[in-house]
Amino acid sequence: MSKRPAEASQPGHRKKRQAHSKGQIKNYKSSVGGIPLRRAIDGPGIWAMTVKGKEKQATNELYEIIESISDRLWPKPPPTTETVPEDDEEDDEDEDIEKQLAKELSDINKPKMKDTTDRRIAICPTDTACVIYIATKPPIDPVEVVLRHMGQVAETGISGTRALVRLVPASGICAANMPAITLLATELFTKAFGGEDVEPKKYKIELRIRSHKVLAKDDVIKAIAQCVPSDKGHTVNLTNQDTTILVELFKGICTISVVPEYEKYKRFNVVQIVQEEQKKKGEQDADGSSRVAQTALVKS
Numbered sequence: 001m002s003k004r005p006a007e008a009s010q011p012g013h014r015k016k017r018q019a020h021s022k023g024q025i026k027n028y029k030s031s032v033g034g035i036p037l038r039r040a041i042d043g044p045g046i047w048a049m050t051v052k053g054k055e056k057q058a059t060n061e062l063y064e065i066i067e068s069i070s071d072r073l074w075p076k077p078p079p080t081t082e083t084v085p086e087d088d089e090e091d092d093e094d095e096d097i098e099k100q101l102a103k104e105l106s107d108i109n110k111p112k113m114k115d116t117t118d119r120r121i122a123i124c125p126t127d128t129a130c131v132i133y134i135a136t137k138p139p140i141d142p143v144e145v146v147l148r149h150m151g152q153v154a155e156t157g158i159s160g161t162r163a164l165v166r167l168v169p170a171s172g173i174c175a176a177n178m179p180a181i182t183l184l185a186t187e188l189f190t191k192a193f194g195g196e197d198v199e200p201k202k203y204k205i206e207l208r209i210r211s212h213k214v215l216a217k218d219d220v221i222k223a224i225a226q227c228v229p230s231d232k233g234h235t236v237n238l239t240n241q242d243t244t245i246l247v248e249l250f251k252g253i254c255t256i257s258v259v260p261e262y263e264k265y266k267r268f269n270v271v272q273i274v275q276e277e278q279k280k281k282g283e284q285d286a287d288g289s290s291r292v293a294q295t296a297l298v299k300s
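Quick note: the sequence shown, position 8, residue 8 per the UniProt record's numbering, numbers continuous.
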């Protein structure tokens, strides 16, 4: 009976093979339902807080929201097809067939690589309960996607989702260190708070920290506040702001966005928006029933 080579059964041999396998993993390591799955959180996108144990369902729900709104606001360009001119020369027919066969054989022998360069939406693993992140590519604007969805939920009183609780857009992302954070904030605030036509804003900084113990909350808020242009009349207002700076510190990264109507839409909590709309509807129905009863009493 033949025996396997001794080195194949040694732990060191397995470790070497595993390490080599890990080195082959690319940025997009796999996909979920055809959606690219990245190795780490990268690029602008949308955070979502979810019902515990329903992260996978929430991921599908958030993807559908982003895709639906993006297809309306930023339609994907139609796929281009290459046309091959026909060869009318009969003398070249045999040569063309040989070239075609050679090309097909070459394509078969090439390693199959899935093209994801045109994908605009990608799932990013967080390895954290109740927290998911989906990255987006331009022209998709995460802030606009969230505002559109919140407006739709408030208008209809229906969230259309079961596992999503709260959304947080991320216009930019950087490493979780002060130089990178202030650089990103300055870049984003140039557009949001700068410019000749920008009116003075009342703003608040909303910072959440998860799985991060390096930077102190107060230090980050102070550093970000100093990035707001000081010559435009912008003021801090913690109770009646019209603009909110959303900052998420998560492990080794930081995301920032500048949003309007944050308090109006219950801090982008879809569950609370639905509850509020249902409460209003119940009060309206009660008022209607009361008026009907009073009218009946008057007539009697």
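Think of the CB as a built atom: it goes at the ideal place given N, C-alpha and C, for glycine as much as any other residue.
Around the beta carbon of V236, fewer than 16 other beta carbons lie within 10 angstroms, which makes this residue exposed. Within the model, the alpha-carbon separation for G160 versus T59 is close to 14 Å. Distance from the CA of I245 to the CA of L105, rounded to the nearest whole angstrom, comes to 56 Å. At the C-beta level, G157 and Q278 come within 8 Å of one another. Per DSSP, reduced to three states, the secondary structure at S257 is strand. Ranked by how close their Cα comes to the Cα of K56, the residues P125, A175, Q100 and K232 have P125 in first place.
Taken in chain order, the complete beta strand (DSSP E) segments of 3 or more residues contained in the segment 107-189 are 121-124, 131-136, 164-170 and 172-175. Taking C-beta atoms as the reference points, G45 and A135 count as a pair closer than 8 Å. With contacts defined as CB atoms closer than 8 Å, V146 and L167 qualify as a contacting pair. In this chain, the beta strand (DSSP E) harbouring A48 covers G45 to T50. Within the segment 192-262, complete alpha helix (DSSP H) segments of at least 4 residues are found at 217-225, given in chain order. One thing to note: Q241 has its Cβ within 8 Å of the Cβ of Y203. Proximity to F189 across P142, I253, K232 and D96 peaks at K232, based on C-alpha coordinates. Separation of the CB atoms of E248 and W47 is rounded to 6 Å, and the pair is thereby assigned contact status at 8 Å. Taking C-alpha positions only, E283 is separated from E276 by approximately 11 Å. Straight-line spacing of the CA atoms in K201 and V220 works out to 21 Å.
I256 and N177 have their C-alpha atoms some 13 Å from each other. Close CB contacts of P229 within its chain, under the 6 Å cut and outside five residues either way in sequence, are with F193 and G194 (chain order). Bridge partners of P78 according to DSSP: none are assigned.
In the DSSP secondary-structure assignment, N269 is bridged to R166.
When C-alpha distances from E199 are compared across A223, I173 and T243, the shortest belongs to T243. Distance check between G172 and each of H212, R120, V143 and M150 places V143 closest, using alpha-carbon atoms only. Contact between V153 and V51 fails: their C-beta atoms lie close to 16 Å from each other, not under 8 Å. Straight through space, the alpha carbons of V274 and D197 are spaced by roughly 35 Å.
Here K54 carries a coil assignment [DSSP, helix/strand/coil]. Assignment of K281 by DSSP, reduced to helix, strand and coil, places it in the helix class.
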